[in-house]
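Colleague:
Number of protein chains: 4
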Amino acid sequence: MNPIRVVVWGENVHEHKNPKVAAVYPDGMHTTIAAGIRENSSAVEVTTATLQETDHGLTTERLAATDVLVWWGHMAHDKVEDRIVDRIQQRVLEGMGLIVLHSGHFAKIFKRLLGTSCALTWREADEKERLWVCNPGHPIARGIDKYFELPREEMYGEPFGIPAPDEQVFISWFEGGEVFRSGCCWHRGNGKIFYFRPGHETYPTYHDNNVRRVIANAVEWARPQGQWADVSHCPNVKTPPEPLAKKAD
Amino acid sequence: MNPIRVVVWGENVHEHKNPKVAAVYPDGMHTTIAAGIRENSSAVEVTTATLQETDHGLTTERLAATDVLVWWGHMAHDKVEDRIVDRIQQRVLEGMGLIVLHSGHFAKIFKRLLGTSCALTWREADEKERLWVCNPGHPIARGIDKYFELPREEMYGEPFGIPAPDEQVFISWFEGGEVFRSGCCWHRGNGKIFYFRPGHETYPTYHDNNVRRVIANAVEWARPQGQWADVSHCPNVKTPPEPLAKKAD
Amino acid sequence: MNPIRVVVWGENVHEHKNPKVAAVYPDGMHTTIAAGIRENSSAVEVTTATLQETDHGLTTERLAATDVLVWWGHMAHDKVEDRIVDRIQQRVLEGMGLIVLHSGHFAKIFKRLLGTSCALTWREADEKERLWVCNPGHPIARGIDKYFELPREEMYGEPFGIPAPDEQVFISWFEGGEVFRSGCCWHRGNGKIFYFRPGHETYPTYHDNNVRRVIANAVEWARPQGQWADVSHCPNVKTPPEPLAKKAD
Amino acid sequence: MNPIRVVVWGENVHEHKNPKVAAVYPDGMHTTIAAGIRENSSAVEVTTATLQETDHGLTTERLAATDVLVWWGHMAHDKVEDRIVDRIQQRVLEGMGLIVLHSGHFAKIFKRLLGTSCALTWREADEKERLWVCNPGHPIARGIDKYFELPREEMYGEPFGIPAPDEQVFISWFEGGEVFRSGCCWHRGNGKIFYFRPGHETYPTYHDNNVRRVIANAVEWARPQGQWADVSHCPNVKTPPEPLAKKAD
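Residue numbers (my numbering), protein chains in the order written: chain Y, 1 to 249; chain L, 1001 to 1249; chain V, 2001 to 2249; chain P, 3001 to 3249.
#1: State the DSSP-derived secondary structure class of Y1203 (chain L), mapped to helix, strand or coil.
#2: Is V3046 (chain P) helix, strand or coil when you go by DSSP?
#3: Here's the rule I'm using: 16 or more other beta-carbon atoms within 10 Å means buried, otherwise exposed. How should D78 (chain Y) be labelled?
#4: For P1026 (chain L), which residues in chain Y fall below 9 Å Cβ to Cβ?
#5: Got a sec: is the Cβ-Cβ distance from G143 (chain Y) to anything in chain V below 8 Å?
#6: Please list the partners that N1135 (chain L) has in chain Y, where partner means a Cβ-to-Cβ separation under 8 Å.
#7: How many whole angstroms separate the CB atoms of G3157 (chain P) and L3131 (chain P), which I take to be in contact at a CB cut-off of 8 Å?
#8: Taking R3181 (chain P) as the reference, give the member of P:L3098, P:T3060, P:H3102 with the closest Cα.
#9: To which residues of the same chain is F1170 (chain L) closer than 6 Å at the C-beta, ignoring the five residues directly before and after it?
#10: Taking A2222 (chain V) as the reference, give the member of V:H2105, V:W2072, V:G2073, V:L2093 with the closest Cα.
#11: Can you give the Cα-Cα distance for M3029 (chain P) and Y3206 (chain P), rounded to whole angstroms?
#12: Please classify P151 (chain Y): does DSSP put it in a helix, a strand, or coil?
#13: Could you check how far apart the C-beta atoms of H3105 (chain P) and Y3195 (chain P) are, in whole angstroms? I think they sit under 8 Å.
#14: Can you confirm whether E158 (chain Y), when its beta carbon is compared against all beta carbons of chain V, has any partner nearer than 8 Å?
#15: Looking at the secondary structure, which residues open and close the alpha helix (DSSP H) in which W2228 (chain V) lies?
#16: In the DSSP assignment, the beta strand (DSSP E) including A3069 (chain P) goes from what residue to what residue?
#17: Out of curiosity, what's the CA-to-CA distance linking V1008 (chain L) and G1073 (chain L)?
#18: What does the alpha-carbon distance come out to for the pair E3242 (chain P) and V21 (chain Y)?
#19: When the Cα of W3122 (chain P) is compared with those of P:R3197, P:P3224, P:A3034, P:N3210, which residue comes out closest?
#20: Could you please give the first and the last residue of the uninterrupted alpha helix (DSSP H) stretch that includes D2090 (chain V)?
#21: Taking any Cβ of chain L, which residues in the segment 2218-2243 of chain V have a Cβ under 7 Å from it, in chain order?
#22: How many Å lie between E45 (chain Y) and P224 (chain Y) at the Cα?
#23: Any Cβ of chain L within less than 8 Å of the Cβ of G177 (chain Y)?
#24: Are any of the Cβ atoms in chain V nearer than 8 Å to that of A3125 (chain P)?
#25: In the DSSP output, which residue or residues are listed as bridge partners for N3236 (chain P)?
#26: Does the structure place the segment 3158-3167 of chain P close enough to the segment 3057-3077 of chain P that three or more beta carbon pairs sit under 8 Å?
#27: Under the rule that 16 or more other beta-carbon atoms within 10 Å means buried, what is H2014 (chain V), buried or exposed?
#28: Using C-beta distances below 8 Å, list every residue in its chain close to G3189 (chain P), excluding the 5 sequence neighbours before and after it, in chain order.
#29: Could you work out which residue in L:K1146, L:M1155, L:S1042, L:M1001 is closest to N236 (chain Y) when comparing CA atoms only?
#30: For S1117 (chain L), which residues of its own chain have a beta-carbon under 6 Å away from its beta-carbon, when the five flanking residues on both sides are left out?
#31: In angstroms, rounded to a whole number, what distance separates the CA positions of L3058 (chain P) and D2082 (chain V)?
#32: Can you pull the chain A neighbours of A3164 (chain P), defined as C-beta to C-beta under 8 Å?
#33: Secondary structure at L2051 (chain V), three-state DSSP: helix, strand or coil?
#34: Quick one: using the 10 Å Cβ neighbour count with 16 as the cut-off for buried, is H3200 (chain P) buried or exposed?
#35: Could you confirm whether any beta carbon from chain P is found closer than 8 Å to the beta carbon of G2010 (chain V)?
#36: Use the C-beta contact count for A1034 (chain L): other C-beta atoms within 10 angstroms, 16 or more gives buried, fewer gives exposed.
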């Protein structure tokens, strides 16, 4: 099989504004996320793109050559241009995989594809998160034990404003008493979508081996299995397969 | 129970441009659709709204007092203002029912809530359509026989670019050889959505008794069963239900 | 509307073997569950049935006159006769609602309708359970705050071997560190199914006001909205709606 | 990747009772189905099994070494022993793929996994069937045009008593006027299930190139992507991940 062409997209803003974030991710969060995917999959070719590039690094040509897009954004969701969101949506419907991380729950592309509020509750309090596997045989949970823990993370809590997931892979338990659907799968058009909760910018979450493995697994799961090239065409089929009866006027 | 407050929204353009449509629907398609709902349900209070009114007739106050919105649009989808679409989406997620008819498959609100292309194939050729009931006990099929026919309709064919329906109520057979998922249910947020295929503007489809009954049934099915008032809030819950452990720095 | 005819089915074994259970539920768990439904809904007519009765209290006639069946069983799942399970399944597919409580996750009827293992992890350790509402507008969560707590319950943990729920209403947080999909909805045939986790026999869970309200809400949600009378018929339709072309031999 | 180990299971009864069937499938239907898979996939190792063998050819050892099971049965569904059905169900929940063909809609294993009636309407009248692709990018539709036709087949019509499919790949149009959900995907436990309608025993359907290709595609789609080894275990987890508070008695 050909390698899976992965683009890790990073908003790349916190890293330049918050020294705490810069200390954890000196080369940018996207760089660390990309390294984690490479480390855990031999099937990938991973590059990165950021908000600041022309077309946010996501030209039509590049998206056409992307199999799976991984997305981290937070404080600059509204800086992502609608015409680029249109372009990504089109590619997902055609078959490109999409992995949305953490605060990407409010990314335009995620809300666009799901159609719901994608709202949740949250708290920044250095608390322990334990992610439970809901389907131990799921390819996204490959190599993960019954659960794994992150010693300090931001809390996200229910209600999470999403359509019912096609498959539930993880649910989180938080030290402070909340729960959250942390790993959710959907199909939209011909594309596969996975939302994965962890990854607040001030914590070293994307250096965690379990988190890195899950993202790499998700990339392999989301690789295109086909192409629906004309997914947005609405053709007038003038000649029917069957002859039509003559109608009286 | 209180009456179901229904608003039938009509684009109301074809009726004024095409004499053929004006002949079939002299008071507007929305008026005929509204009459059909009243005729088939004793549980409703039905009014109408059109594109041409201020806020397309859908002010915040009116939508707040609407239980189920029925939508017919076609040639002026792009004339519907995004701020009104935002408002409708918010109400559906809170719990308002939405019935989308025929060419409304490309309405902004339908594409917004489903997230997919909503594309299909089509043909205008006066052909026979037969709608089969996929779940004879479904409330939307109440009073409908195993199938019903429309002697002349526009054809819509698969592939229909939608997320997998939560429930399939009707599938259509067309004289020319195509099939189509003609009655589809989804939940989004706290609202129920039903798409119903028939209703090309040049045919007397909304005078048909079976079609009228299905739309009235769908209105009763889609009535709100609750309200998710703060569906888009994303609150910071500073005080956790459980005490947090002190963390070493 | 006619009253909802509810039958609360109780295995009725623990109550006679374990003095601790008898002390909490002196008239049987089914009696307490039934009282809680009556207390929280004015729309119901509630009776009870038990394993020990002829046909386990579920004759064909009685099931035909039942709108919603509520099920609690645990140590005697295998004493439920298959012919009665067949009968219940048939009624659910026709449209009868089914509410399965706690250890009923391993009831024959639940496994039959879902087709999966329905396995989970568990622990009896007097621990706190907090049930979070995933859709605050859902009719089953009516009158429930963001969450409610049970001070002592048995723990059930993921993975829960179920098909992806059509709607997720509750997820539980446990003091010992686990999570669980505690309130799940499915449609099967024309019937609605709700699984609700709490209710270990040694705790006064069915005396809890929130638990009682949820069960009553679920009964109202699951009331039949139609009847698919011949859901298991497989008729030979000898005369097609359309004439068939003559075929050469 | 390792080859996909496929077992094609054939009831193998019609072939020995009906000369017409024997003429179309002189080596048995299972042999022809197996040949079609080999012809259309280079990723498979295909063997066959039949009802008449010990354990119907499906010993525990063999099923443990099977990645995807393809099933054709009709007149002898009730001859399949429940203990073998238990065994197959267990393997599907663990992760084995299952492709159910045509009259297998009433096979014990299919009804067991879906939980519904799986009933439909039917007619044997040599009529034309046209199968439309609902998702042109789906791996199961790879290499198939917008539709394909079978000149003579048995008719299956809606309502089809199934849970809502996770994905709809094909819908059929019949000459006599019916429609049917002909290609449906579900997940159960860790296994993928595909139902594919065509294949009445008296027609040369399994010699058709499109049908053969679809079955081969489905086999590749359904290959296990993991293993949920203890899918039916229900362990008592005595030691919780978190310490429990002491409770007053």
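Think of the CB as a built atom: it goes at the ideal place given N, C-alpha and C, for glycine as much as any other residue.
Modeller: Quick answer:
#1: coil
#2: strand
#3: exposed
#4: What P1026 (chain L) touches in chain Y: nothing, since even the nearest Cβ is about 21 Å away.
#5: no
#6: The premise fails here: N1135 (chain L) is roughly 19 Å from chain Y at the closest Cβ pair, so nothing lies under 8 Å.
#7: Going by Cβ atoms, the distance from G3157 (chain P) to L3131 (chain P) rounds to 14 Å, so no, they are not a contact pair.
#8: P:H3102
#9: L1131, S1182, G1183
#10: V:L2093
#11: 8 Å
#12: strand
#13: 7 Å
#14: yes
#15: Counting along the chain, W2228 (chain V) falls outside any alpha helix (DSSP H), and DSSP gives it neither H nor E.
#16: According to the sequence provided, residue 3069 (chain P) is Leu. The question's Ala does not apply to it. Residues 3068-3072.
#17: 11 Å
#18: 30 Å
#19: P:R3197
#20: It should be pointed out that residue 2090 (chain V) corresponds to Gln in this sequence rather than to Asp. Q2090 (chain V) -> alpha helix (DSSP H) spans 2082-2094.
#21: Q2225, G2226, Q2227, W2228, P2241
#22: 14 Å
#23: yes
#24: yes
#25: V:W2122
#26: no
#27: buried
#28: V3092, L3093, E3094, G3095, W3228, V3231
#29: L:M1155
#30: G1161
#31: 25 Å
#32: Checking the listed chains, one finds no chain A in this structure; the protein chains it contains are Y, L, V and P.
#33: coil
#34: buried
#35: no
#36: buried
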